[in-house]
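The sequence shown begins at 25 in my numbering and counts up one residue at a time. All C-beta atoms in this analysis are idealised placements derived from N, C-alpha and C, irrespective of residue type, glycine included. Here the structure is a predicted model, which means the values were calculated and not measured. Inspection log for the structure reproduced underneath, given as structure tokens.
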Amino acid sequence: MPRIILIRAVNVGGTAKLPMAQWRALAESLGATGVQTYIASGNMVCTPAGDPQAFDRALENSVKRELGFFREVISRSLQEVTSALAAHPFEELDPRFSYITFLAGEPTAEAVAKAQSFETGADQWRVIGQEMHIRYAEGAGRAQMKDVAIGRALGVPGTARNLNTVRRLISLASE
């Protein structure tokens, strides 16, 4: 079964560099098949060999060993990503302003309550299971909420993709 594999914080804003050809090669070296990447921000669709969670950890270790930095790898099945998109709770004014943050686990109720204490202006967010859904009023580049602080308060690492990217990954995984 194909999975959508995401790695956090690569190739954006001067962060760690991960060439997509190398990202694909690492997955293939671990036995993945049907490996495809989409744009240069660490999006991959593939069918991993064996347990998906073990594959994610092996990818993290391979990136650390080969490139010298650690980044969380978070994956979901096609059905999980499709369900997350269907559950997006906000009106979609512009798909570039709406995001799904795929979390490494489900935050506790206490962590969500703490995160809800932060001012968000006209931006909105909500945690549903292992995803945090966001709609920025004026785009992520002009965020009114302190999404890094909210993410820290949730206590679970995650990686965000806008709805255009989420839809494209669903399409790739469906081929």
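| task | Taking only the alpha-carbon atoms, compute the straight-line gap between Pro76 and Ser53 and give it to the nearest angstrom. | result | As a first step, residue 76 must be located in the sequence shown, where it is residue number 52. As a first step, residue 53 must be located in the sequence shown, where it is residue number 29. Rounded to the nearest angstrom, the two C-alpha atoms are 15 Å apart.
| said: Quick check on DSSP: helix, strand or coil for Leu102? | reply: Within the sequence shown, the letter at position 78 stands for residue 102. It is helical.
| message | Please give the ranges of any beta strand (DSSP E) in the segment 29-99, keeping only runs that are unbroken, at least 3 residues long and fully inside the region. | response | 57-62 and 67-71
| task | Using alpha carbons as the reference points, say which of Ile29, Leu187, Arg191 and Arg192 lies closest to Tyr123. | result | Walking along the sequence shown from the start, residue 123 turns up at place 99. Checking every option, the nearest Cα to that of Tyr123 belongs to Leu187.
| Per-residue DSSP class, three states only, for Ser141 | Within the sequence shown, the letter at position 117 stands for residue 141. Coil.
| query | Helix, strand or coil for Val172 per DSSP? | reply | Numbered from 1 along the sequence shown, position 148 holds the residue referred to as residue 172. Reduced to three states, the DSSP call for Val172 is helix.
| field | Residue range of the beta strand (DSSP E) that includes Thr125 | value | Here residue 125 corresponds to residue number 101 of the sequence shown, with the count starting at 1. From DSSP, the beta strand (DSSP E) with Thr125 extends over Ser122 to Leu127.
| Span of the alpha helix (DSSP H), counted from its first residue to its last, around Arg191 | Translated into positions along the sequence shown, residue 191 becomes position 167. Counting along the chain, the alpha helix (DSSP H) containing Arg191 begins and ends at Leu187 to Ser198.
| request: Just tell me which of Arg27, Phe94 and Ile158 has its CA closest to the CA of Pro113. | output: Position 89 of the sequence shown, counting from 1, holds the residue named residue 113. For Pro113, the nearest C-alpha among the options comes from Ile158.
| request: Take Gln103 as the anchor and find which of Arg27, Gly182, Glu199 and Pro181 has the nearest alpha-carbon. | output: Residue 103 sits at position 79 when you count from the first residue of the sequence shown. The residue with the shortest Cα to Cα distance from Gln103 is Arg27.
| request: Could you check the C-alpha separation between Arg166 and Asp147 for me, to the nearest Å? | output: In the sequence shown, residue 166 corresponds to position 142, counting from 1. In the sequence shown, residue 147 corresponds to position 123, counting from 1. If you take the alpha carbons of Arg166 and Asp147, they lie about 10 Å apart.
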